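First up is the structure itself, then whatever we jot down about it.
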Amino acid sequence: MILTNNGSERLFKKSSLTVALSSILLAGFSFQGVAAEEGEVKKVERIEVTGSRIKRADIEGSSPVTSIGRLAIESSGVQSIGELLQTVAQADLSGLSQLTNNTNGNDGSQTISLRNLGDNRTLVLVDGRRFLALGGGQVDISQIPIAIVERVDILADGASAVYGSDAIAGVVNIITKDGFEGVSLDATIGANFEGDGEYKQAGISIGTIKGDTSLFLNISKSEDKEIGAGDRDISSTPVAYIPEARGSAFGLYGIFNTSDGFKSLDPEKEGAGVRTADDFESFGTKHRYNFAPTNYLKTPSERLNIFAKVNHEFSDTLNAFVDFTYNQRKSVTQIAAVPLVAGFSGPQWEIPYSKDNIYNPFGEDLTAFGFRTLPIGPRTNIQDYDTYFITGGFEGEFEIADTSLFWDVSMSRGDSSRNEHGENFVNLQNLRNAVGPSFIEDGVAQCGTADDVISGCVPLNLFNGETGFTDEMANYIGYELNNQVKTGTTNFTANISGEIFELPAGFVGFAAGYEKRTNSFVDNPDSVVAAGLSSSNFSEPTNGSQTAEESYFEFAIPLLSELPGVQSLELSIAGRFSDFENSGFVGTDPITSKFDNESFKFGFTWRVYEDLMFRGNYSDTFRAPSVDNLFAGGGEGFPSTQDPCNTTQFPLQSANTQALCIADGVPDGGSIQPTGQLRSLNGGNPGLQPEEGNTTTFGVVFNPSWLEGFDMTVDMYKIELNDALSSISAAGMLNRCYVQGESEFCGFIERRGDGRVATIRTSQFNLDKLEVEGVDFNANYAFQTQDYGNFNFRLNGSYTGSYRSAGPDESINDAVNEVARIDSDILRWRGTFNTTWSFDDLVVTWGMRYTSEITESCSIPENFLEDGIATRELCNMRSAISEDNPSGLNRIGSVTYHDLSASYALPWQASVRVGMRNIFKKEPPVALNPFGNSFYSVHDIPGGTWFVNYKQDF
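Below you can see the structure in the form of structure tokens.
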């Protein structure tokens, strides 16, 4: 009988204890292993393991792979793959959290990033094949229901030579269930201990094997309820425990730029009636608006998942398969109502409040004004996702000279559409009309003048506070937007592998293959947004595609065996050759580009004796820029930037810079820059080339014969990346063009006829260097007792020693180490420790999750607590004063969360499972740098959660 520990690596020693504990070991975190009892195996199955394309009997490899099996998934109580991967020490959580921690909220999607290198540098596979990706190349793993997952493999190594582009930080391979027979119903309910964030899930799995055909079908539906930021103290204000001072200047009492300074309505004068200038006072803290409570802390969503897998065996050597996935997701994001920022933002907000408006009490044109449009309502985006992905193909084997070779061919097609409906935004053209001149005729307020009436317009009153902002006014300037995003992929793959001939030390493993895939991405923004007339920033459409053709080879060559100090020594070699063709649009101009790459990998495994093995790899890595990187339409922004050619800066420049300015249409003496902000459009760059680098790993595997049931691995890694994509800001574009004289950047700057900057296009370039070093460690210990059941202990940890980035003119060796640095969220330590106890039909798991400390600069003056501005001290290292941190530091201490779950097998083929995450309701430490929530996404939402699951098999 073959016991395969869910496809992990190590060859467990043949012992009665190992066999007895297999039900525990095979289902938890595992790091190696296949076992066999002597005398039972006549034909050994060849299988493919994550990290290699070679199908072989000995699945021991040079790459470090961690597997999370089905029992570990169930006992953890997680409700999604994203939640499961949050427990993986190598994950940095940048795409996994559903926290609303930016001004656009979170749309419910979840992506995985390893090593702090970004989710577009981690490759996600499903059953060893690529899955439908987003426009940026990432995979939304929330599309894959956790009910169909048999295990998840995490390859913590560069694997571009084996799998192609994107596998820089590593590979996550999601293995789905196979060979299931019967019917299984399951249902789960759960919630936060505070009574919100409810979760419901129900599903059915059906599996049958009829003759040569097998079918597996899973249908599941789930619903996640929201958690409001206002329902937790730490997120109920923009900065925790500061009730007013850090609120928005654009509130319900308005802010108006008058000839006498910035004025706001006296809060005591809020209400009906005619307002005069005397009802207003200088803007101050009491006029600020707390925008935080409206935001969602946790994104609500509803999901319907359908997964089907069909296999038909034509003969012992030919099999056909079809896999189908359908995902429907509806999610809702919500943030505070639109702030009117006329005169405070970009050119589309240059909307004066006319002195001839019937509500304007100041008797002068107001060139700048602000107000919170609470009567319109909070900004709500409803996203409807529909995704399908289907793969069909054939696989089989044939013999040549008594050697079996395995082959497969498959074709995949996937499409995803996201229709986004936004409510409670502002039409800026209607706003311009509503604050322009107005008059009253027959007791009815009208926009325009008696000679030029603007039909349908309702004059806007912002001078009586919320009371003066009527429903009719809200209906006129408010509008609903609609965006649509579509992605598609077509993949063809053909592979052949096997053990092709025998050397004195063993069989040589071989794999080769060909892949062709095409990815497309289309983003059509709302027509009002695209016209620059929406309170949501202007953005351009995106339309592009990318086709890749790749071929690869891989060898596993046994060099020595059965020698003193060398039980086995194997060399692995892999190579991949890739050609990319890209086509799309920049603005309305069609653009095409090409690039190619060659990646190689060299690895070894050296088993000194049965208990001890060393392994290592040196591999090239690369990532092709995605369709979004290449062709993304410009998204509008208004950074604070000084044009070196403006009238203030021009006299300070060198003669060469002045000449470059004049040559670009700027008048001698400089052009006028009316505000400190310049309009930028951040989009794609069709001239990008692949990121390239290399990864080195060296590890040890130890499974001592004198301690049955114990194994451990320690793997050191170093990732070096050149030509990494890096953005150049608007200021950087201006500086490179005019001050440094780099003409290739001047084409990104558009000027008006009078020489003023109209738009600066910003983008990414192949500029940076990255270097990451660290150590991963895993340990597993299992034993059984005669009277007290079986025990299993699992440790998964990661230490990041160095994380450095440098620009094109800098040495990586001189770059600052970002790990645990002030204001860096790159953690030095992450880890999990789990204890599982099983006794008859009862299984109990206690889990611990650890994250190390973070230190940030203190942006809160010391007098805030003393003056009553803050309700508690927010910086715990006031004495750590420096020139860069005059108010000291804030230390965010290490956090350990505790989770508990228990399951019991009932006599009628059923089981019940209950559990709690963050059982002690550990509060996240207060942080000052994150936007909106005052805690980092690496920490749990306050309150802890519970769940109950019931499963019935038939």
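Just so we're aligned, residue 11 is where the sequence shown starts under my numbering, counting upward by one.
Note that beta-carbon positions come from the ideal geometry of N, C-alpha and C, so glycine has one too.
Computed from a predicted structure; not experimentally measured.
Going by other Cβ atoms of all chains shown within 10 Å of its Cβ, with 16 needed for buried, is residue i buried or exposed?
i    : result
L579 : buried
W956 : buried
E509 : buried
D764 : exposed
K365 : exposed
P568 : buried
S737 : exposed
Q1   : A question about residue 1 goes unanswered here, because the residues of the chain that appear run from 11 up to 964.
Q774 : buried
K319 : buried
V59  : buried
D909 : buried
R313 : buried
N823 : exposed
L81  : buried
Which residues in the same chain as residue i place their Cβ atom closer than 7 Å to its Cβ, once the five residues preceding and following it in sequence are excluded?
i    : result
Y486 : N440, A444, C467, V468
G679 : T657, F660
N914 : Checking the sequence shown, residue 914 turns out to be Tyr, not Asn. Within the same chain, Y914 has close Cβ partners D851, L852, S921, V922.
E291 : K273, S274, D276
A740 : P649, T651, L688, S690, I770, T772
L262 : Y299, R382, L384, G475, E476
Pull up the CB-CB distance for residue i and residue j, whole angstroms please, since I reckon it's below 8 Å.
i    : j    : result
T772 : S690 : 5 Å
L5   : D176 : Only positions 11 to 964 of the chain appear in the structure, and residue 5 is not among them; the question remains open.
A101 : S123 : 7 Å
R766 : S904 : Not really, about 52 Å apart at Cβ, beyond 8 Å.
L731 : G703 : 4 Å
D333 : T401 : 5 Å
G432 : R389 : 7 Å
S426 : T497 : 5 Å
Tell me which same chain residues have a C-beta within less than 6 Å of the C-beta of residue i, skipping the five on either side of it?
i    : result
F595 : N553
R840 : A99, S808, T861
S194 : S215, D963
Y969 : The structure shown has nothing for residue 969, since the chain only spans 11 to 964.
V495 : R428, D533
G478 : N471
V136 : I184
N114 : Bear in mind that a pLDDT of 49 at N114, under 50, signals an unreliable position, so the number given afterwards is only what the model happens to contain. For N114, where only same-chain residues beyond five positions count, there are no Cβ hits under 6 Å.
V88  : L94
F473 : R285, Y369, P371
T499 : L142, G424, N529
Closer than 8 Å by C-beta to residue i: which residues in its own chain qualify, once you throw out the five before and the five after it? Chain order, please.
i    : result
I91  : Q120, I151, S152, I154, I156, V159, V162, I184
V7   : A query on residue 7 cannot be resolved here, the shown segment of the chain reaching from 11 to 964 and no further.
R762 : A768
Could you tell me the alpha carbon to alpha carbon distance between residue i and residue j, rounded to whole angstroms?
i    : j    : result
L662 : G356 : 26 Å
G817 : T855 : 47 Å
L165 : S867 : 35 Å
G180 : N130 : 11 Å
T397 : F141 : 11 Å
I836 : I864 : 8 Å
F354 : I83  : 50 Å
N788 : F941 : 34 Å
S32  : R838 : Here the model assigns S32 a pLDDT of 33, short of 50, so the residue's position is not dependable and the matter cannot be decided.
H297 : V637 : 45 Å
G453 : L670 : 59 Å
S465 : R442 : 14 Å
E236 : R242 : 13 Å
R256 : I64  : 58 Å
Segment contact flag, the stretch 400-417 with the stretch 551-561, C-beta cutoff 8 Å, min 3 pairs: no
The stretch 336-349 in contact with the stretch 299-315 per 3-pair CB rule at 8 Å: yes
The stretch 710-722 contacting the stretch 620-637, beta-carbon criterion three pairs below 8 Å: Counting Cβ pairs under 8 Å, three or more are found: they touch.
Cβ contact check for the stretch 823-830 and the stretch 890-897: 3 or more pairs under 8 Å: no
Cβ contact check for the stretch 265-272 and the stretch 219-233: 3 or more pairs under 8 Å: no
The stretch 167-175 contacting the stretch 198-211, beta-carbon criterion three pairs below 8 Å: no
The stretch 535-543 touching the stretch 456-463, judged by at least three CB pairs closer than 8 Å: no
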